[in-house]
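Numbering (the working numbering), first residue to last: 837 to 1104. Here a beta-carbon is modelled for each residue, glycine too, at the ideal position from N, C-alpha and C. Structure first, then comments.
Structure, rendered in structure tokens:
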């Protein structure tokens, strides 16, 4: 009886390191990071993402030594976390826009605990987050994100060093992009609600007998619901743009992470 063919050690190491990067990415990047996706599915998905690229990464594995392997595992996990967190920040802008609408529209009092997201969210924040996840899958946006992730193996191979000094700047840029995108989505609604507050304030000066404070809540809620219906129709385009941005940003973001010893490792 013939024995089982031996698997090259460098191929096993390539699968291991690629799986570590993929697992760290899947744990944070939408839509894979959703709490509805079990840990077993995420683990299998990480291995499935690593297998197609393992063959071409064999020549970039570090030396098969305990110290070098531990360092490589930590580096791949760090790279995956940085990429996944940046993608999560991009798509968190949509929920942040919904949270702003809840805050300025008077819906924040109706917040409830969301077991899937494990956060305290209000009506529009939850609705925008669920809609974004659904649109991301339906429109194939998750495939664009995966395309950018797979390109990261070419830009930052397994034996590449990681420059820790650029990680803080990367997250700072991500937070800035989050705030900017959220304001771009919610700014028209916030501006209208702000003008409504000014109008109600002027009305209270013109007609002091009116209980403007009691009127403000239903008026602002009605205006918020009306305008949210118009902005809700814009979400497919917003999600598509965010998916394209995530694909390109992953590669641009990973490039400065490479240290001076990129490509300097030897295959195991």
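Just to confirm before moving on: does the CB-CB distance between residue i and residue j stay below 8 Å?
i            : j            : result
residue 923  : residue 981  : yes
residue 960  : residue 943  : yes
residue 993  : residue 893  : yes
residue 964  : residue 1010 : no
residue 868  : residue 985  : no
residue 926  : residue 1081 : yes
residue 851  : residue 884  : no
residue 1089 : residue 1006 : yes
residue 1036 : residue 1048 : yes
residue 977  : residue 1076 : yes
residue 975  : residue 1071 : no
Whole angstroms are fine: how far does the CA of residue j sit from the CA of residue i?
i            : j            : result
residue 938  : residue 958  : 6 Å
residue 929  : residue 903  : 40 Å
residue 1079 : residue 970  : 13 Å
residue 871  : residue 1042 : 52 Å
residue 1096 : residue 844  : The predicted position of residue 1096 is uncertain, since its pLDDT is 48 and thus under 50; a value taken from the coordinates is nonetheless stated next. Answer to the nearest angstrom: the Cα atoms are 29 Å apart.
residue 889  : residue 973  : 23 Å
residue 1100 : residue 1021 : Residue placement at residue 1100 is poorly supported in this model, since its pLDDT is 41, which falls under 50; the coordinates are not used for a value here.
residue 1083 : residue 919  : 10 Å
residue 988  : residue 864  : 16 Å
residue 995  : residue 899  : 9 Å
residue 880  : residue 873  : 11 Å
residue 1046 : residue 1057 : 19 Å
residue 875  : residue 1017 : 30 Å
residue 847  : residue 891  : 7 Å
residue 1012 : residue 1019 : 11 Å
residue 1067 : residue 1052 : 22 Å
residue 1063 : residue 905  : 54 Å
residue 1061 : residue 895  : 57 Å
residue 945  : residue 966  : 20 Å
residue 866  : residue 1026 : 27 Å
residue 921  : residue 1030 : 32 Å
residue 1073 : residue 1004 : 30 Å
residue 1008 : residue 901  : 35 Å
residue 1059 : residue 1015 : 24 Å
If you follow the alpha helix (DSSP H) that residue i is part of, which residue opens it and which one closes it?
i            : result
residue 888  : 875–890
residue 938  : 902–941
residue 1068 : 1048–1068
residue 1073 : 1071–1090
residue 849  : 845–862
residue 982  : 977–991
Quick one: measure Cβ to Cβ for residue i and residue j, integer angstroms, because I've assumed they're closer than 8 Å.
i            : j            : result
residue 897  : residue 853  : 7 Å
residue 912  : residue 856  : 4 Å
residue 1055 : residue 1085 : Contact doesn't hold; Cβ gap of about 40 Å is too wide.
residue 908  : residue 882  : That pair is no contact at about 16 Å.
residue 991  : residue 1087 : 5 Å
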